[in-house]
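Visitor:
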Amino acid sequence: TSYEAYKTSRQVYQTSVQAGRIDSQAEGATRTALFEARQKLKRLIDINNEYANLSNVAAQTASRQVENFMSIVLIGTILLGVILAYIIALSLNTRIGIVEHAATAMQQGHLQQQVRMMVGGKDEITTLADAFDNMAFQLGDLITGLEQRVMERTSALEIANQQNKRRAEQFEAIAEVARSIGSAQNLQSLLPHLSTVISEQFGFYHVGVFLLDKDREYAVLQAANSEGGQRMLARGHKLKVGEVGIVGYVTYTGNPRVALDTGTDVAYFNNPDLPETRSEIALPIRIGEEIIGALDAQSTNANAFSQEDTIVLSTLADQVGIAIQNSRLYDEIRRTMAESESLYSQFVREGWKQYADTKKVVGIRRKGSEAVILTEHIQLTDSKEPTQDKNAAQNNSAAELSVPVKLRGQVIGMLNIRKPETRQWERDDMDIVQAIIERTAISLENARLLEDAQRRAKKERTIGEITSKISGSINMRNVLQTAVEELGRAIPGSEVIIQFQSGREAERPEK
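Count the sequence shown with my numbering and you get residues 5 to 515, in order.
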């Protein structure tokens with residue numbers, strides 16, 4: 005290079021100088037090489053300056069490019085941050101929306117959602133979702149438990165309602181039986197009605213009423229509601245007390261007996277007339293402490309009778325016992341009243357017959373303002389009911405009305421009324437006459453009874469006075485004389501004789 009040529013020429017020149025000689029050629033070559041080196045160095049400096057300028061321009065350009073790039077990067081970063089923030093916010097909103105939707109669904113009763121799986125992630129929202137899931141699980145368990153308790157309570161309530169309904173029906177049956185007892189008047193109509201009512205109210209297949217016979221040896225079927233029971237009644241069905249069937253057991257021991265399964269109960273009597281019986285209950289019928297029969301109920305269902313049924317049916321059996329007692333008392337009272345009525349009617353009839361035979365006055369006849377005492381009977385219409393002459397208008401005769409004078413059903417006289425008119429008697433007139441005659445009959449009876457009582461009192465007084473006088477005598481003759489005198493005085497115009505029996509007459513037997 006020029007610089008190396010310069011160095012070489014200079015070294016040659018220095019060597020020649022050091023040798024004591026000056027080499028003009030070497031000096032010229034050195035000068036020429038130095039000039040060329042300076043020219044080249046100048047060009048290098050110019051080139052370097054140009055390069056430096058170019059480098060500055062490049063650096064400025066690069067700086068501007070970097071600035072632009074950094075601006076772009078900054079803008080991109082900002083945009084990316086905004087986008088990321090938007091995405092994060094959107095994600096948060098979505099997840100929070102999921103939690104909010106889950107809360108709304110939970111309010112509506114949808115507790116089976118897995119919020120944790122729908123939310124995802126591992127942040128506070130995830131923790132909140134876990135809390136929601138735990139709360140939903142706990143609420144689900146709580147609601148399930150509550151639903152179970154509600155179902156149990158509902159089932160218990162339904163059972164209680166069914167029991168209350170059945171109890172109400174049972175009480176209604178008891179009330180119906182009580183009404184039947186109040187309305188029935190004889191056993192022939194009461195017992196069949198009771199068996200029908202009990203069967204209908206309780207839904208029993210067969211209900212029978214047994215009563216003990218006079219010897220208390222057999223329980224005899226008296227009433228039944230079923231077809232088989234009717235056949236049993238027709239043939240006089242009866243069971244041996246203490247030996248046959250649960251009815252025989254009940255009438256012997258006086259304790260209720262239930263056969264929940266007739267196929268296994270040893271005391272059950274297999275009756276061919278009642279083939280559908282699967283369970284049976286019999287209860288004693290009592291009057292006081294006395295067993296008079298049994299109430300028998302049979303069902304087509306096994307285990308059909310509960311403890312409550314036993315209590316209710318025992319009440320019914322007691323009601324039946326009361327009904328039977330009332331019916332028997334009613335029959336006895338009715339029979340006694342009939343006998344009393346018959347005796348009283350006979351007493352009235354004989355009393356008025358005796359009165360009519362002993363009295364001279366048999367009646368009174370009044371026409372206009374004149375009243376005449378009747379001492380003899382006149383011919384009147386003989387009838388037990390009011391009658392009138394319906395042909396009076398045709399015969400142009402007075403309208404006649406005949407009304408019997410009745411007392412206790414006995415005719416003690418007749419009332420006869422004639423009107424001057426020929427027209428028929430009006431209903432109102434007949435009612436007035438009938439009412440007056442009824443009251444007249446009562447007044448006549450009262451007057452007769454008073455007169456009879458006075459007569460009896462007078463008789464008793466006379467007897468008492470005579471007895472008192474006789475008792476005051478102290479010897480036989482005075483007693484006889486007092487007795488004869490008092491009897492003669494009590495019965496005026498009579499002849500009185502008292503004498504002792506002879507020994508022969510005393511030994512004669514009475515006839």
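Glycine is no exception: its CB is placed at the ideal position from the N, C-alpha and C atoms. These numbers come from a predicted model, not from an experiment.
Tell me which same chain residues have a C-beta within less than 7 Å of the C-beta of Glu180, skipping the five on either side of it?
Guide: Excluding residues within five positions, the ones whose Cβ falls inside 7 Å are Val201, Gln205.
Visitor: In whole angstroms, give me the CA-to-CA distance for Arg338 and Arg481.
Guide: When rounded, the distance between both Cα atoms is 57 Å.
Visitor: When the distance is taken between beta carbons, is Ile315 closer than 8 Å to Glu284?
Guide: No. Outside cutoff.
Visitor: Identify the continuous beta strand (DSSP E) that holds Ser406 and give its terminal residues.
Guide: That run of the beta strand (DSSP E) goes 403-411.
Visitor: Residue range of the alpha helix (DSSP H) that Ala445 falls in?
Guide: Per DSSP, Ala445 belongs to the alpha helix (DSSP H) from 431-476.
Visitor: To the nearest angstrom, how far is it from the Cα of Ile289 to the Cα of Ser199?
Guide: About 14 Å.
Visitor: How many whole angstroms separate the CB atoms of His210 and Asn190, which I take to be in contact at a CB cut-off of 8 Å?
Guide: Not really, about 23 Å apart at Cβ, beyond 8 Å.
Visitor: Run through DSSP, which three-state label would Arg293 get?
Guide: Here the sequence assigns Glu to residue 293, which means Arg is not the residue at that position. Note: Glu293 maps to coil in three-state DSSP.
Visitor: What number of angstroms, rounded off, separates the C-alpha of Thr81 from the C-alpha of Tyr55?
Guide: Answer to the nearest angstrom: the Cα atoms are 36 Å apart.
Visitor: In its own chain, which residues sit with a C-beta less than 7 Å from the C-beta of His241, not counting the 5 before and 5 after it?
Guide: The residues are Leu225.
Visitor: Under the three-state reduction of DSSP, which class applies to His197: helix, strand or coil?
Guide: Three-state DSSP puts His197 in a helix.
Visitor: What are the partner residues of Pro288, as DSSP defines its beta bridges?
Guide: Answer is Ala298.
Visitor: Based on the DSSP output, what are the partners of Lys244 in its beta bridges?
Guide: DSSP lists Tyr222 as partners of Lys244.
Visitor: What did DSSP end up calling Ile501 once you bin it into helix, strand or coil?
Guide: Coil, per DSSP.
Visitor: Name the residue from Thr257, Ile163, Asn275 whose alpha carbon lies nearest to the alpha carbon of Met236.
Guide: The option with the nearest alpha carbon to Met236 is Asn275.
Visitor: Cα separation between Thr307 and Ile178?
Guide: Here the sequence assigns Asn to residue 307, which means Thr is not the residue at that position. Asn307 and Ile178: Cα-Cα distance of roughly 22 Å.
Visitor: So who's on the other strand from Thr391, going by DSSP bridges?
Guide: Answer is Ser406.
Visitor: Let me check understanding here. Comparing Cα to Cα, which of Tyr222, Glu404, Glu430, Val70 lies closest to Arg422?
Guide: Cα-wise, what sits closest to Arg422 is Glu404.
Visitor: As a quick exercise: from Pro279, Leu264, Lys11, pick the residue whose alpha carbon is nearest that of Ala286.
Guide: For the residues Pro279, Leu264, Lys11, the minimum Cα distance to Ala286 belongs to Leu264.
Visitor: Would you mind working out which of Asp145, Leu78, Asp322, Asn57 sits nearest Asn259, comparing C-alpha positions?
Guide: Among Asp145, Leu78, Asp322, Asn57, the Cα nearest to that of Asn259 belongs to Asp322.
Visitor: Ignore the nearest five residues each way along the sequence and tell me which others in Thr486's own chain have a CB closer than 7 Å to its CB.
Guide: Once the five neighbours on either side are set aside, the close Cβ partners of Thr486 are Lys473, Ile474, Ser477.
Visitor: Distance cutoff 8 Å, beta carbons only. Does Ser199 sit that close to anything in chain B?
Guide: In the displayed structure, chain B is absent; only one protein chain is listed.
Visitor: Report yes if the CB atom of Gly212 is closer than 8 Å to the CB atom of Asp313, and no otherwise.
Guide: No, they are not a contact pair.
Visitor: Give the DSSP-derived three-state secondary structure of Ala63 in the structure shown.
Guide: If DSSP states are grouped into helix, strand and coil, Ala63 belongs with the helices.
Visitor: Measuring alpha carbon to alpha carbon, tell me which of Leu484, Leu194, Ala461, Lys410 ends up nearest Ala439.
Guide: It is Lys410.
Visitor: Could you compute how far the alpha carbon of Ala63 sits from the alpha carbon of Val70?
Guide: Cα-Cα distance, rounded: 10 Å.
Visitor: Looking at C-alpha atoms only, which residue of Glu442, Glu430, Ser373 is the closest neighbour of Val407?
Guide: Cα-wise, what sits closest to Val407 is Glu442.
Visitor: Would Thr158 be called buried (16 or more neighbouring beta carbons within 10 Å of its own) or exposed?
Guide: Burial call: exposed.
Visitor: Let me check understanding here. Comparing Cα to Cα, which of Tyr359, Ile470, Asn305 lies closest to Leu453?
Guide: With distances taken between Cα atoms, Leu453 lies closest to Tyr359.
Visitor: Find out if the Cβ-Cβ distance for the pair Ala223, Val245 is shorter than 8 Å.
Guide: Going by C-beta atoms, Ala223 is nearer than 8 Å to Val245.
Visitor: For a quick check, are the C-beta atoms of Thr471 and Ala494 less than 8 Å apart?
Guide: Cβ atoms of Thr471 and Ala494: not closer than 8 Å.
Visitor: Looking at the unbroken alpha helix (DSSP H) that takes in Glu232, where does it start and where does it end?
Guide: Before going further, note that residue 232 is Gly rather than Glu in the sequence given. Note, Gly232: alpha helix (DSSP H), 231-238.
Visitor: Please state if the CB of Ala298 and the CB of Thr255 are separated by a distance shorter than 8 Å.
Guide: Contact: yes.
Visitor: May I ask which residues mark the beginning and end of the beta strand (DSSP E) holding Asn275?
Guide: Per DSSP, Asn275 belongs to no beta strand (DSSP E) and is neither H nor E.
Visitor: Could you tell me how far apart the beta carbons of Trp429 and Gln458 are, in whole angstroms, since I believe they sit closer than 8 Å?
Guide: 39 Å between Cβ atoms; not a contact.
Visitor: Around the C-beta of Arg220, are 16 or more other C-beta atoms found within 10 angstroms, so that it is buried, or is it exposed?
Guide: That one is exposed.
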